[in-house]
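Residue numbers (the numbering used here), protein chains in the order written: chain C, 13 to 331; chain B, 1218 to 1496; chain Z, 7 to 425.
Where is the CB? At the ideal position from N, CA and C, for every residue including glycine.
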Amino acid sequence: MATKLMATKLMAAETRAKRPIRWHVGVFLAPAVLVYTAFMILPLFGTLQLSLFRNIEQSQVFVGFSNFRTLFGDPNWSVNFWNALRNNVWFFIIHMMVQNPIGILLAALLSSPRLRFTAFYRTAIFVPTVLSFVIVGFAWKLILSPIWGVAPHLMDFVGLKSFFTPWLGKEQYALTALSLVSVWQFVGIPMMLIYAALLSIPDEVIEAAECDGVTGMAQFWKIKLPLILPSIGIISILTFVGNFNAFDLIYTAQGALAGPNYSTDILGTFLYRAFFGFQLQVGDPNMGAAIATIMFLIILAGVCVYLFLVQTRLRRYQF
Amino acid sequence: MSTATRSLPRALGAHAILLTYTAIALFPVILVVMNSFKSRAGIFGAPLTPPTPKTFDLIGYTTVFGQGDFFHYFQNSLVVTVASLFFVLLFGAMAAFALSEYRFRGNTMMGLYLALGIMIPIRLGTVAILQLMVATGLVNTLTALILVYTAQGLPLAIFILSEFMKQVSDDLKNAGRIDGLSEYTIFFRLVLPLVRPSMATVAVFTMIPIWNDLWFPLILAPSEQTKTVTLGAQLFLGQFVTNWNAILAALSLAILPVLILYVIFSRQLIRGITSGAVK
Amino acid sequence: MTTKLLTALLLGTSILGTTGMALAEDVTLNIESWRGDDLTIWKDKLIPAFEAKNPGIKVVFAPSAPTEYDAALGAKLAAGSAGDLITCRPFDKSLELFKKGNLADLTSLPGMENFSPVAKSAWQTDDGKSSFCVPMASVIHGFIYNKDAFDKLGLKVPTTRDEFFAVLDKIKADGTYIPMAMGTKDLWEAATMGYQNIGPNYWKGEEGRAALIKGEQKLTDPQWVEPFKELAKWKPYLGDGFEAQTYPDSQNLFTLGRAAIYPAGSWEIGLFNTQAQFKMGAFPPPVEKAGDTCYISDHTDIGMGLNAASKHQEEAKKFLSWVASPDFATIYANALPGFFSLNSSPVKMEDPLAQEFVSWRGKCKSTIRSTYQILSRGTPNLENETWVESANVINGTDTPEAAAKKLQDGLDSWYKPAK
Chain C
13 MATKLMATKL
23 MAAETRAKRP
33 IRWHVGVFLA
43 PAVLVYTAFM
53 ILPLFGTLQL
63 SLFRNIEQSQ
73 VFVGFSNFRT
83 LFGDPNWSVN
93 FWNALRNNVW
103 FFIIHMMVQN
113 PIGILLAALL
123 SSPRLRFTAF
133 YRTAIFVPTV
143 LSFVIVGFAW
153 KLILSPIWGV
163 APHLMDFVGL
173 KSFFTPWLGK
183 EQYALTALSL
193 VSVWQFVGIP
203 MMLIYAALLS
213 IPDEVIEAAE
223 CDGVTGMAQF
233 WKIKLPLILP
243 SIGIISILTF
253 VGNFNAFDLI
263 YTAQGALAGP
273 NYSTDILGTF
283 LYRAFFGFQL
293 QVGDPNMGAA
303 IATIMFLIIL
313 AGVCVYLFLV
323 QTRLRRYQF
Chain B
1218 MSTATRSLPR
1228 ALGAHAILLT
1238 YTAIALFPVI
1248 LVVMNSFKSR
1258 AGIFGAPLTP
1268 PTPKTFDLIG
1278 YTTVFGQGDF
1288 FHYFQNSLVV
1298 TVASLFFVLL
1308 FGAMAAFALS
1318 EYRFRGNTMM
1328 GLYLALGIMI
1338 PIRLGTVAIL
1348 QLMVATGLVN
1358 TLTALILVYT
1368 AQGLPLAIFI
1378 LSEFMKQVSD
1388 DLKNAGRIDG
1398 LSEYTIFFRL
1408 VLPLVRPSMA
1418 TVAVFTMIPI
1428 WNDLWFPLIL
1438 APSEQTKTVT
1448 LGAQLFLGQF
1458 VTNWNAILAA
1468 LSLAILPVLI
1478 LYVIFSRQLI
1488 RGITSGAVK
Chain Z
7 MTTKLLTALL
17 LGTSILGTTG
27 MALAEDVTLN
37 IESWRGDDLT
47 IWKDKLIPAF
57 EAKNPGIKVV
67 FAPSAPTEYD
77 AALGAKLAAG
87 SAGDLITCRP
97 FDKSLELFKK
107 GNLADLTSLP
117 GMENFSPVAK
127 SAWQTDDGKS
137 SFCVPMASVI
147 HGFIYNKDAF
157 DKLGLKVPTT
167 RDEFFAVLDK
177 IKADGTYIPM
187 AMGTKDLWEA
197 ATMGYQNIGP
207 NYWKGEEGRA
217 ALIKGEQKLT
227 DPQWVEPFKE
237 LAKWKPYLGD
247 GFEAQTYPDS
257 QNLFTLGRAA
267 IYPAGSWEIG
277 LFNTQAQFKM
287 GAFPPPVEKA
297 GDTCYISDHT
307 DIGMGLNAAS
317 KHQEEAKKFL
327 SWVASPDFAT
337 IYANALPGFF
347 SLNSSPVKME
357 DPLAQEFVSW
367 RGKCKSTIRS
377 TYQILSRGTP
387 NLENETWVES
397 ANVINGTDTP
407 EAAAKKLQDG
417 LDSWYKPAK
């Protein structure tokens, strides 16, 4: 690590010596950095620093880490927090185990040569992804509703009617059901990314493999999969970040209290209730900021694992 | 050859899987659109049958069109989405290029800094953002939304694009430099065309949350002139929770434009992916 | 500092925005509200009535969805972009806004004298010295029933609990109708239409509510646990899959004529009148035995306040005085049957169902929802927890006793009643 840093520094020093000021680097970076800093970073840190304060008699008083002590020490907060975190982990596991394998499978099928109608499939399967949470949450609520009866009807067709239960209303199923709805919505993203990666594998590589008699499944596992690993890495980290920031689907389908009995509460909904309040509960920006800070740290940890452990080990292929 | 004999069942299998999944993906959408053309009794009585002359009813649409100017909302959404998309792609690609191409002091730090935004929901900064917009008189303008969405889309765009830009061959760029091209020309003429497929991917990623966002239109631009289609639909849902005719019609109206846009855009996207892929 | 610099930078770009300068002479007042349902009534009836009398003032009703209202309003108030007039939730939510200085003091507003102290209590400081919202309406809980169904099955309107369950049994035995349309998916239905609806008869309305606030009674006392026990008994009478049944589902079940009884709030009247194809009646929550005093939840639900940062204080006050007038009360109560005016001067209502509801005010003692005043100030929030636990009790996740204990423990963790 240290030597690498040194090397970079040396190299930087070297280049600096050669070309004193490289204005173009600044020009390339400036617009993004400015807009991003002004409308994202400053407001966000303005909020996060609230976690170190508390509202006492209508003025913000610095209290150090006391809000965090409350969050982890006071059972009124900590029970809900751990519950939300547990649910969130389960939400993430389902995405990794269901969404990404399905996405890879679909992409692999789509990219098989000489397959017809691929454009149609590709377009159709990506459709749910372009729909808003408002629509997705609402449509699935209707479908799974025992009153409207679409789901029981459909299950009757295949003789599974007895397996129907009001999933969204049952503590043991609601979260899994919603995770699967979320998978349904977002499976297009891994599919597209993997598809693009598969397409960009040079023909020569495939041809060489075929000459060696490596075809079909073996070809996928031995040749293509290693080549798309970087994309799978990106997808995993995007899924991680997306899942731990998720909020909208649960909110539109189950409401801010994430019922039944908080069984679908994830960090996003927990944060929303704390920060903005809900119904008679008055919002508490300070505790909300504390939760947001923890979420931020969790995600940061995940991204660091990816950046420093996974990504550096993946070989990058230049075509 | 043996591949020819083996490929038929394999192709059939592939089609079977893809068709099944397509059905799963489209079913809810078809269900909503189909039922939006039915009478209340039809919706509840037989949700799975397409509208028949007996159950066909446009009452939902009449209600929706009587309520708000959905066409205008749609225009607003389009302006916001396209403008934000443009800035995200342009600024994002430029920054990603700087990060992946040049070694400068603080490169890694800058990369991390720009990735921070992926990790916290921007919703948390709402109050500060709103204060900023109020102070500058941008409340209830589409400009406010565009600025926020550009900021929101940048981190992910830079994150993905710099990943792809690292894959662009150095030889090509160096050849350009030897030919005396400026860094700007190298970026716009040589690199950008090569990363087109990833640009298309980023475009889709950026577009969806912007189009579908409910929060910032609600906070920053809730006025009648600046309402977006998602906000319009949500308000409508709140207003007619029990009127399923109207709700299904509103949902269909919110779905269809995106679908059409997506189908048009998807061709570009695929063309981008296939033609851009360097072979 | 940085913000200022940014502001300066951005001012330049603001030319791009179309801020739409209002015409010099006309003042426009914006109303923030969660009542999207009332949009047409405001647009077509209330606002024209006001504007006709007050030339030069334009009023715009700008609702947002109920679920986002509080969060969005909070952000807008903090940033200073909220509307001039603010629709007030009862009790602490508005009190908090007043304490933060977001709502102006309206104690001396002309027209406030039209309201009784009880009506004003939902929008006053704890000492009752300052008022900050004009009371608009209250809602009454009870049961709405399908008259045609009752006639067909030869059922009599129940007045005692035993009769109530006998009626439910008969409907269930007959099988044509689902006895009761209620779901637990949205949680609040169970708490508001269930617990708060039947509860006052057990805890004796105001008496119990005040004792709870003073700390003389506990939620684990029998009069607070019994309503949960009754709720638990409702379970077999609810429709299939009630666990995933949402509030609109319940409404549709009833108005489509598939359910016989609907545990209701009076606000449903307007919608049900337009959607139901059968005759409807209403009865108050049944009492234990005939002749017992009955208690109803007559909950102060909606008021209107003045944004302290509004640039048009005078005009806004003019509007609020009008909201406090009998004129407004008459239009409002008739346009929205089931939202009962809190104005002291009696309002004539045309709707028979609304008349039925309001007639209970004469027979029964009124109270408000037990969790609203003071008790939902801390964490965990008693109102939210009551939602969750009411649903849990009906779903069978918690026993009535366990639910009550959870609520009391949560309350004890932060609430110290004044001795």
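Inter-residue spacing [alpha-carbon to alpha-carbon] between residue i and residue j
| i | j | result |
| --- | --- | --- |
| residue 441 of chain Z | residue 53 of chain Z | Since the first and last residues shown for chain Z are 7 and 425, residue 441 of chain Z lies out of range. |
| residue 1287 of chain B | residue 1446 of chain B | 7 Å |
| residue 255 of chain C | residue 198 of chain C | 11 Å |
| residue 225 of chain C | residue 238 of chain C | 18 Å |
| residue 1469 of chain B | residue 390 of chain Z | 34 Å |
| residue 28 of chain Z | residue 36 of chain Z | With a pLDDT of 41 at residue 28 of chain Z, under the threshold of 50, the predicted position of this residue should be treated as unreliable, and no value is reported. |
| residue 1339 of chain B | residue 308 of chain C | 11 Å |
| residue 367 of chain Z | residue 347 of chain Z | 12 Å |
| residue 270 of chain Z | residue 1380 of chain B | 57 Å |
| residue 319 of chain Z | residue 163 of chain Z | 51 Å |
| residue 6 of chain Z | residue 187 of chain C | Lying outside 7 to 425, the shown extent of chain Z, residue 6 of chain Z is not represented and no answer is given. |
| residue 396 of chain Z | residue 1443 of chain B | 41 Å |
| residue 50 of chain Z | residue 91 of chain Z | 19 Å |
Where the beta strand (DSSP E) containing residue i begins and where it ends
| i | result |
| --- | --- |
| residue 307 of chain Z | 301 to 312 |
| residue 66 of chain C | 65 to 68 |
| residue 91 of chain Z | 91 to 94 |
| residue 414 of chain Z | Looking at the DSSP string, residue 414 of chain Z is not in any beta strand (DSSP E); the run it does join, the alpha helix (DSSP H), is 406 to 418. |
| residue 369 of chain Z | Run containing residue 369 of chain Z: none in the beta strand (DSSP E); it sits in the alpha helix (DSSP H), 358 to 369. |
| residue 74 of chain C | 71 to 74 |
Within-7 Å CB hit, residue i to chain B
| i | result |
| --- | --- |
| residue 158 of chain C | no |
| residue 317 of chain C | no |
| residue 230 of chain C | no |
| residue 250 of chain Z | no |
| residue 74 of chain Z | yes |
Test: residue i CB closer than 7 Å to a CB of chain C
| i | result |
| --- | --- |
| residue 247 of chain Z | yes |
| residue 396 of chain Z | no |
| residue 1427 of chain B | no |
| residue 390 of chain Z | yes |
| residue 349 of chain Z | no |
Residue i - partner residues in DSSP beta bridges
| i | result |
| --- | --- |
| residue 270 of chain Z | Z:148 |
| residue 1404 of chain B | DSSP, once it has assigned bridges, lists no residue as partnering residue 1404 of chain B. |
| residue 1337 of chain B | Bridge partners of residue 1337 of chain B: none, in fact. |
| residue 66 of chain Z | Z:36 |
| residue 286 of chain Z | Z:152 |
| residue 261 of chain Z | DSSP, once it has assigned bridges, lists no residue as partnering residue 261 of chain Z. |
| residue 289 of chain C | C:294 |
| residue 1443 of chain B | Answer is none; residue 1443 of chain B lacks a bridge partner. |
For residue i, the first and last residue of its enclosing alpha helix (DSSP H)
| i | result |
| --- | --- |
| residue 1414 of chain B | 1413 to 1429 |
| residue 1360 of chain B | 1359 to 1382 |
| residue 39 of chain Z | It is not in any alpha helix (DSSP H) - residue 39 of chain Z instead sits in the beta strand (DSSP E) that spans 33 to 39. |
| residue 1457 of chain B | Premise fails: residue 1457 of chain B is in no alpha helix (DSSP H) and is neither H nor E. |
| residue 121 of chain Z | Careful: residue 121 of chain Z lies outside any alpha helix (DSSP H) and carries neither H nor E. |
Residue i CB to nearest heavy atom of the ligand MN below 6 Å
| i | result |
| --- | --- |
| residue 281 of chain C | What this structure holds is no ligand at all, so the ligand MN is not there to describe. |
Chain Z within 7 Å of residue i, Cβ atoms only
| i | result |
| --- | --- |
| residue 1436 of chain B | yes |
| residue 38 of chain C | no |
| residue 1249 of chain B | no |
| residue 1281 of chain B | no |
Complete runs of the beta strand (DSSP E) confined to the stretch 123 to 203 of chain Z [at least 3 residues]: The qualifying runs are 139 to 152, 184 to 186.
Complete runs of the alpha helix (DSSP H) confined to the stretch 200 to 254 of chain Z [at least 4 residues]: Within the stretch 200 to 254 of chain Z, the complete alpha helix (DSSP H) segments at least 4 residues long are 202 to 209, 211 to 220, 228 to 240, listed from N- to C-terminus.
Ordered list of alpha helix (DSSP H) runs contained in the stretch 139 to 211 of chain C, each at least 4 residues: Correct list: 145 to 156, 162 to 169, 183 to 198, 200 to 211.
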